[in-house]
Structures are given as structure tokens and as C-alpha cells.
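Below: one structure, written as C-alpha cells.
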Amino acid sequence: MPLSETLLASLAEQGWAVCDGLLDSRLPGRLYEQCRQVWEHQGFRPAGVGHGGARAVHTGIRGDSICWLEAETAQFAALDFLMWAEDLRRELNRELYAGLHSSEFHFARYPEGRGYKKHMDQHRGQHSRRITLVLYLNPEWRAADGGELCLYAPEDESREVHRVLPLAGRLVLFRSDLIPHEVLPCARTRWSLTGWFRSDAACGHAHAA
0 MPLSETLLAS LAEQGWAVCD GLLDSRLPGR LYEQCRQVWE HQGFRPAGVG HGGARAVHTG
60 IRGDSICWLE AETAQFAALD FLMWAEDLRR ELNRELYAGL HSSEFHFARY PEGRGYKKHM
120 DQHRGQHSRR ITLVLYLNPE WRAADGGELC LYAPEDESRE VHRVLPLAGR LVLFRSDLIP
180 HEVLPCARTR WSLTGWFRSD AACGHAHAA
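Numbering (numbering that gives the first Met the number 0), first residue to last: 0 to 208.
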């Protein structure tokens, strides 16, 4: 999958990039339908903050529920996405020498009124997550619906540098170790697919935030 020079330059130079239309136009809609079906079959669980013994659910900090995509059992749209993401991982390694060896992804559902306070995607003392990926799935989203992703300056996390409206098919990539970010509360249910490209060869989900 040939990535645009603009996207690669943005990710390399400022640590983040936003792109529309990089995936097959039908895939976000198929993922949206699949994750809604998984939700209806009680396949999600409340997301936590922290890791290991310190992991806990605090909906005032992080209000989403998640469902991990497992490569061994993925089907339909999820399998197509994981195959696409593997191509993306190889392309990032080829073009940016990123040292990415594995990945992990989950569906995320934010109910009305919930968000995720400002945070980093690398836990203290754990540096395997290198690049965060977010793909938005809601087929219709207006500015009044909120739920924007706010990216902050690495050198000054009080300074917002970009705000991303979660439009269907919009892809965000950013350095997990560099970019503080938050999800603003949404005015209606917000669906996305989120995950990380990692520098280690294998990973589990027990530690994941």
C-alpha cells in the first residue's frame, strides 16, 4: 500500500498524521456493522487505566468499552482490517525504519457523555508501543456530536496542536511515546478501531489500557 509522502513526512517530522481515504471505502462501514453486532452479543468489556495489578476501571477518566481483535479468530471485516494493518506495518518499516514487529487492535465504543482524559499510550517503564492507530467508524458524524481527538505538543502538553473530528474512514497515526492526547466527550455513541504497532515480537492484552 503506497503511503503518501505527505503522510510519511508528517509522521516523521511532527509525530502525527491524519488521512482520509487510505482504506477501501467500504471497509469502515463493514467494521462498523461488525463491532455493533459484537456489542449486541456482549462481546465488549469496560476499558481500564493502568496495567498489571494497578489496572482499574475509572469511567470518569476513560469511558469506553473495548473488544480485542484476535488474529487467530478474526473474521469478515476484522480479518480484512488486520491484513491491511499488516501491510501498513511493513510499509512503515520500509519507509521510516520504524522497527515495528507486531500489532494489537480493539474496537472501542464510547457512550454518550464519555471521553478519555489526556494521557500517553506508553505505560511507565514499558516502551513497546511505538505508533498508535485510530480509525473512525460512525457512518455519519457532525461537529455537534463532539468526541474529537485532541493532540497536544510533546514539549508542552497544555498546548493543543490539532483536533480531529471522528469522520468515518478517517485514520490517525501518531507516536505512542511522544504525543499526549485525549478524547473529548461525545454527544452520541462513538465507534472506532484503535491499536498499536509495537517493537516487540509478541504481546498480551492484560496490561493494555
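Backbone N, C-alpha and C fix where the C-beta goes; we use that ideal spot for every residue, glycine too.
- In the three-state reduction of the DSSP assignment, leucine 150 falls in the strand class.
- With respect to the 8 Å criterion, proline 165 and tyrosine 135 are classified as neighbours on the basis of their beta carbons.
- The bridge partners DSSP lists for alanine 186 come to none.
- Residue burial annotation: glycine 20 is exposed, with fewer than 16 other C-beta atoms found within 10 angstroms of its C-beta.
- Burial is judged here by how many other beta carbons sit within 10 angstroms of a residue's own beta carbon; glycine 112 has fewer than 16 and is exposed.
- Within the region 66 to 122, the complete beta strand (DSSP E) segments of 3 residues or longer fall at 101 to 109 and 115 to 118, listed in chain order.
- Of all C-beta pairs linking the region 113 to 122 to the region 79 to 87, fewer than three are shorter than 8 Å, placing the two stretches out of contact.
- Shown here, alanine 16 sits in a strand according to DSSP, grouped into three states.
- Rounded to whole angstroms, the separation of the alpha carbons of arginine 197 and cysteine 66 is 19 Å.
- Following the DSSP letters along the chain, one finds arginine 29 inside the alpha helix (DSSP H) bounded by residues 26 to 39.
- In chain order, Ser64, Ile65 and Cys66 place their CB closer than 8 Å to the CB of arginine 44, counting only its own chain and leaving out the 5 sequence neighbours on each side.
- According to the DSSP assignment, leucine 134 belongs to the beta strand (DSSP E) that extends over 128 to 135.
- Remark: fewer than three beta-carbon pairs, one from each stretch, lie closer than 8 Å, so the region 176 to 185 and the region 26 to 38 are not flagged as touching.
- Nearest C-alpha to histidine 118 among Leu150, Pro138 and Arg141: Leu150.
- A contact between stretches requires three or more CB pairs, one per stretch, nearer than 8 Å, and the region 91 to 106 fails this requirement with the region 137 to 151.
- The C-beta of aspartate 120 has 16 or more other C-beta atoms within 10 Å across all chains shown, which makes the residue buried.
- Non-local C-beta neighbours of leucine 7 in its own chain, meaning closer than 6 Å and more than five positions away in sequence, comprise Glu94, ordered along the chain.
- Secondary structure at serine 9: helix, using DSSP grouped into helix, strand and coil.
- For aspartate 144, no beta strand (DSSP E) run applies, since DSSP gives it neither H nor E.
- Taking a contact as a CB-CB distance under 8 Å, the pair glutamate 147 and valine 163 counts as one, their CB atoms being some 6 Å apart.
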